[in-house]
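Have a look at the structure below before the remarks.
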Amino acid sequence: MADVNRGDRPLSPHLSIYRPLYTMILSITHRITGVGMALSITMITWWFLALAVSEEYFEVANAVMTSVAGGFILLASLWALSFHFCNGIRHLFWDAGKGFELETAWRSGLAVLAGSVVLTIAGIMVVAGVF
Amino acid sequence: MGYQTDRQRVEGLGSAKDGTVEWWKQRVAAVALIPLVFLFVVPLLRAVGSDFNTVREIYQSPFNAITGILFFIVIMSHLRQGLQEVIVDYVHGKATMTISLLANTMFTTLIGITGVFSIAKIAFSG
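Chains as they are written, first to last, in the numbering used here: chain A, 1 to 131; chain B, 1001 to 1126.
Given below as structure tokens:
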């Protein structure tokens, strides 16, 4: 009888009871960017498939990729990738047991944000043909 | 450690049994992606917006073809592992989770194989 409510017990961690912190936002953003890029890589793979099939099919996929919506998705993906890349490296340091101090985690988070902007701008410059 | 039985301590296994292999593989893929992501994204950003023949020429270069294929292989496993972690955390119920995990494996394999095949076909036709 004691286990009647087994399925209804609150699950840990119940994040909603905590005051949102900036490091928590970064953490969930890592997941959101990762899941989001699943969609971008699907579109890009379709573009590659079209490139392998025929010129006519490529024109269709390329029109989608270079449309305003496609361009927005690519730009958002570029930032998402830049963020996920920088924060992924931050995670690898944590995996090695380094950088757990509050102050360090806070500052490495700022570095990730700055790095994501720098890499996004560098990516835009590649598109523009600067390098 | 205090709650483990002697047998569990000897085997060194928690309730997940084989999770450390997955964990390690995810890190191997992540580290491999550090250079690969640049090798994939830079030619891609240069190719986007160009015409059919120019884009094909980019991927007919053995360097871009090999790094592109490598990227698709590694991203396929990294994506599968990452989405699996998200599914395991947020999807509840045995049936729903099993279906989600199956769908994840199939989707990421399809994406990976399609990318590898497409780049190989372009490269071999050059």
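Each residue gets a CB set at the ideal place from its N, CA and C atoms; glycine is no exception.
So, are the CB atoms of residue i and residue j less than 8 Å apart?
| i | j | result |
| --- | --- | --- |
| Leu49(A) | Thr1114(B) | yes |
| Asn1104(B) | Gln1084(B) | yes |
| Ile1122(B) | Ala80(A) | no |
| Ser27(A) | Ser82(A) | no |
| Ala1030(B) | Gly88(A) | yes |
| His30(A) | His84(A) | yes |
| Leu1033(B) | Val1074(B) | yes |
| Leu1036(B) | Thr1067(B) | yes |
Quick check on DSSP: helix, strand or coil for residue i?
| i | result |
| --- | --- |
| Arg1080(B) | helix |
| Lys98(A) | coil |
| Ala105(A) | helix |
| Val1048(B) | coil |
| Phe131(A) | coil |
| His91(A) | helix |
| Arg19(A) | coil |
| Thr1005(B) | coil |
| Val1010(B) | helix |
| Val1028(B) | helix |
| His84(A) | helix |
| Val1091(B) | coil |
| Thr1054(B) | helix |
| Asn1064(B) | helix |
Within a Cβ cutoff of 6 Å, which residues of the same chain sit near residue i, ignoring the five residues on either side of it in sequence?
| i | result |
| --- | --- |
| Met65(A) | Trp47 |
| Gln1026(B) | Gln1081 |
| Val1086(B) | none |
| Val112(A) | Cys86, Asn87, Arg90 |
| Ala45(A) | Here residue 45(A) is Thr; the residue named in the question, Ala, does not match the sequence. Within the same chain, Thr45(A) has no close Cβ partners at all. |
| Val118(A) | none |
| Phe93(A) | Gly99 |
Comparing alpha-carbon positions, which option in the options lies nearest residue i?
| i | options | result |
| --- | --- | --- |
| Ser77(A) | Ser54(A), Ala69(A), Ser40(A), Ala61(A) | Ser40(A) |
| Met1076(B) | Thr1098(B), Val1116(B), Ile1099(B) | Val1116(B) |
| Thr1020(B) | Ile32(A), Asp95(A), Phe85(A) | Asp95(A) |
| Met37(A) | Leu1079(B), Gly1126(B), Ala1120(B) | Leu1079(B) |
| Gly129(A) | Gln1004(B), Ser1050(B), Leu1102(B), Asp1006(B) | Ser1050(B) |
| Val127(A) | Gly71(A), Ser16(A), Thr23(A), Met43(A) | Gly71(A) |
| Ala105(A) | Thr23(A), Val35(A), Ile32(A) | Thr23(A) |
| Phe1071(B) | Gly1112(B), Thr1096(B), Thr1098(B), Ile1099(B) | Gly1112(B) |
| Ala1120(B) | Trp1023(B), Trp1024(B), Gln1060(B), Glu1022(B) | Gln1060(B) |
| His1069(B) | Leu1102(B), Met1097(B), Ser1118(B) | The question names His, yet the displayed sequence has Ile at residue 1069(B). Selected option, being the one with the closest Cα: Ser1118(B). |
Sorted by chain position, which residues of the same chain lie with C-beta nearer than 7 Å to residue i's C-beta, five sequence neighbours on each side aside?
| i | result |
| --- | --- |
| Asn1064(B) | Pro1043, Ile1058 |
| Val1055(B) | Ala1047 |
| Phe131(A) | Met125 |
| Ser1100(B) | Ile1087, Val1091 |
Below 8 Å CB to CB, which residues in the same chain sit around residue i once its five sequence neighbours on both sides are set aside?
| i | result |
| --- | --- |
| Pro1137(B) | The shown model of chain B, from 1001 to 1126, leaves out residue 1137(B), and the question about it has no answer. |
| Glu1011(B) | none |
* Asked: Between the segment 1092–1100 of chain B and the segment 52–62 of chain A, are three or more C-beta pairs nearer than 8 Å?
  -> Judged by Cβ distances under 8 Å, the segment 1092–1100 of chain B makes no contact with the segment 52–62 of chain A, as fewer than three pairs qualify.
* Determine, using beta-carbon pairs with one atom in the segment 1031–1046 of chain B and one in the segment 117–128 of chain A, whether at least three such pairs fall under 8 Å. => Below 8 Å, enough C-beta pairs join the segment 1031–1046 of chain B and the segment 117–128 of chain A to call them touching: three or more.
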